[in-house]
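Undergrad:
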Amino acid sequence: MKIKENKYLPPKGFSAINLFGVVFVRYGTKLSERTIQHETIHTKQMREMVYIFFYLWYGLEWLFRLAQYRNFMTAYYNISFEREAYANDRQSGYLKARKCWAWWGYLMKKR
């Protein structure tokens, strides 16, 4: 996973954004180990879904969650990919033990 500094991404309110396995941060931003783990989980999710299907699913699920919760951030936090990443971004051994398609188990859980 590569980390690229720039002046446009991520949007305000976020510390990083992962696009196709490249993590973008604003100039001068120091990523915590937790954020790096979070984004690495997303990279694994992207790879197992061949990137494009990850983004299609992510977008559709976000729209579903937005209709469900009627709140942008609540919808974001309840996307299955985000649930998995937030639930495990503090567990040091998670990436080695993570099973393929692990995000699927977070599809029906509520945060």
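Here the sequence shown stands for residues 1240 to 1350, where the numbers follow the working numbering.
A virtual CB, placed ideally from N, CA and C, is assigned to each residue, including glycine.
Predicted model only: the values in this text are computed from it and were never measured.
Using only alpha-carbon positions, find the residue among LYS1243, PHE1320 and LEU1305 that is nearest to THR1313.
TA: Answer by Cα proximity: LEU1305.
Undergrad: Can you tell me whether LYS1243 is helix, strand or coil according to DSSP?
TA: strand
Undergrad: Opposite TRP1263 in the DSSP bridges: which residues?
TA: Sequence inspection shows Phe at residue 1263; the Trp mentioned does not correspond to that position. LYS1243 and ILE1256, per the DSSP bridge assignment.
Undergrad: Give the secondary structure of LEU1248 by DSSP, where H, G and I count as helix, E and B as strand, and everything else as coil.
TA: Residue state, collapsed to three classes: coil.
Undergrad: Taking all protein chains shown into account, do 16 or more other C-beta atoms lie within 10 angstroms of the C-beta of ARG1322, making it buried, or fewer, making it exposed?
TA: Its Cβ being crowded by 16 or more others within 10 Å, ARG1322 is buried.
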